[in-house]
Amino acid sequence: MMWGIVIGGIIFGVLADKYGRKTPLMISVLIQGVASYVASFMPDYWSFLAVWFILALGSGGVGIISFVICMEVVSGKYRTTVPVLYQLPFGLGNAIMAGLAYWLRDWRKLEFTLATLSSLFIFYWFWIPESPRWLLATGQIEKAMVVLKEAAQQNGKCYTMRQLKQLMPKVKSQKRREPGFLAFFRSRNMRLKTFLLSINWFFTGLAFYTFSQYLGSIGGDIFVAVSWTGIISTLGAITCVFIVTKMGRKTTVGIYQLITAICFIMLLVVPKDSFANNWPRLLFAGIGFAGMAGSIPALYLFSGELFPTLGRNVGISGVTTFARIASMIAPAVVSLDNIIITDFPLILLAFTSFAQILLLLPLPETKDKPIPDTLEQAELF
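Position 112, counted from 1, in the sequence shown is what my numbering calls 112; the numbers after and before it change by one each time, with no gaps.
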């Protein structure tokens with residue numbers, strides 16, 4: 001599943017940077033919806049796994065491209081709010097999925113229901129515009145004008161050409177340059193940013209997926225646990241909006257990682273079964289999970305603003321790939337609990353959370369800075 005998301009993110013990320021955001025997104029949505037329907041009818045495990053790999057390819061494209069579109073179709077104060085709130089459906093989806101699973105109690109019915117919900121997104125073709133920022137950055141002025149004119153009309157504002165004309169000289173000189181992921185390693189500036197973001201994403205993925213599985217050792221009903229983590233993730237994303245707007249991207253990620261690290265340490269300090277229903281451990285586990293859930297939207301936004309428009313999909317899919325790799329390592333980390341040392345996963349995650357804070361220090365703050373369109377502009381940070 002995770003390899004499918006990794007490969008899908010890379011493939012559709014490249015396509016979205018080269019051919020635009022809208023068409024690759026809708027192809028991803030179509031693959032995801034059709035494969036989800038087919039998976040509900042698979043007769044055995046291996047055929048189900050094969051179809052789910054195809055489904056994951058589509059999901060990888062949907063996740064990356066839809067986030068980039070959210071970044072590129074808004075500006076001003078909405079540049080922060082919209083990309084962060086983009087993460088809300090992930091938490092809400094977990095909570096809703098737990099409710100559906102409890103109600104249906106059959107995986108085929110659950111898969112078919114989720115496929116039906118997923119397939120509705122194909123109608124987005126009629127509402128989602130092509131990214132005007134990508135159109136301008138690739139020199140497609142006339143198409144960008146159509147999108148901007150429609151946006152102005154829907155917002156009840158008069159359409160002007162002045163800002164668009166000011167962008168034209170910059171656009172022409174960069175018309176056909178779409179850097180691949182390796183291009184971000186050619187200069188010292190972008191190489192450092194890409195390396196540090198990749199390590200941050202690896203630690204983020206390791207913490208999120210390891211702790212998600214480690215929560216099972218705390219106990220409780222699986223339906224309640226999944227629903228509760230979804231609600232906590234939603235609350236984490238909501239609080240992230242306010243913090244990231246006031247304090248910036250880098251500081252927000254650091255604050256959430258500090259909260260997460262402290263909660264991991266408290267889980268090490270508070271012994272099991274020392275209180276009724278283990279309520280202190282459940283409390284720290286919930287706060288720690290909220291910290292991780294809040295750091296992810298901020299890190300997504302931070303990563304997107306450090307990469308240029310011509311290469312943003314490739315850049316984000318490249319660094320987030322390390323989170324997917326970490327997710328595949330997570331089960332092995334959980335299995336080492338009480339083998340190497342008692343509560344080894346918590347000790348490791350506390351260490352990586354503190355390490356993330358240090359890894360953020362060399363990176364520039366992007367709050368109130370213009371989003372780079374070209375690789376040259378991205379290197380000016």
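Don't be surprised by glycine CBs; every beta carbon is placed ideally from N, CA and C.
Would you please state the rounded distance, in angstroms, between the beta carbons of residue i and residue j? I believe it to be under 8 Å.
i: A323; j: I232; result: Not really, about 19 Å apart at Cβ, beyond 8 Å.
i: I316; j: V68; result: 7 Å
i: A207; j: L349; result: 5 Å
i: V314; j: G13; result: 5 Å
i: G61; j: S36; result: No, G61 and S36 are not in contact; Cβ-Cβ is about 14 Å, not under 8 Å.
i: I122; j: G33; result: 6 Å
i: L360; j: V241; result: Their Cβ separation, rounded to whole angstroms, is 19 Å, which puts L360 and V241 out of contact at 8 Å.
i: L110; j: L104; result: 5 Å
i: M2; j: M328; result: 5 Å
Which same chain residues end up closer than 6 Å to residue i when comparing Cβ atoms and leaving out the 5 residues on each side of it in sequence?
i: L268; result: D343, L346
i: L197; result: S303, V319
i: Q356; result: N200, F203, Q257
i: V382; result: Residue 382 lies beyond the range of the chain shown here (1 to 381); nothing can be said about it.
i: Q174; result: Confidence is the limiting factor: at Q174 the pLDDT is only 49, short of 50, which leaves the residue's position unreliable, though a coordinate-based value still follows. Here the set comprises T374.
So, helix, strand or coil for residue i, using DSSP?
i: I262; result: helix
i: D17; result: helix
i: I340; result: coil
i: N200; result: helix
i: V270; result: coil
i: K250; result: helix
i: V73; result: coil
i: R191; result: helix
i: F307; result: coil
i: R105; result: coil
i: K143; result: helix
i: S131; result: coil
i: Q87; result: coil
i: M42; result: coil
i: G230; result: helix
i: K149; result: helix
On the criterion of 16 or more Cβ atoms from any shown chain inside 10 Å, does residue i qualify as buried, or is it exposed?
i: L49; result: exposed
i: Y300; result: buried
i: L120; result: exposed
i: I5; result: buried
i: I255; result: buried
i: E376; result: exposed
i: I65; result: buried
i: K193; result: buried
i: V171; result: Because V171 sits at a pLDDT of 49, beneath the cut-off of 50, its placement in the model cannot be relied upon, and the following sentence gives the value as read from the coordinates. Result: buried.
i: S75; result: exposed
i: I339; result: exposed
i: D44; result: exposed
i: G63; result: buried
For residue i, I'd like the list of residues in its chain whose CB is within less than 8 Å of its CB, leaving aside the five on either flank, ordered along the chain.
i: I287; result: I259, C263
For a test of your reading of the model: does the CB of residue i fall under 7 Å from any non-hydrogen atom of the ligand ZN? Yes or no.
i: I238; result: Of the ligands one can find in the structure shown there are none, so the ligand ZN has no counterpart to examine.
Which same chain residues end up closer than 7 Å to residue i when comparing Cβ atoms and leaving out the 5 residues on each side of it in sequence?
i: L382; result: Here the chain covers residues 1 to 381 and nothing more, so residue 382 does not appear.
request  = Say whether the segment 323-338 touches the segment 225-243, bearing in mind that this needs 3 or more beta-carbon pairs closer than 8 Å, one atom from each stretch.
outcome  = These segments do not touch.
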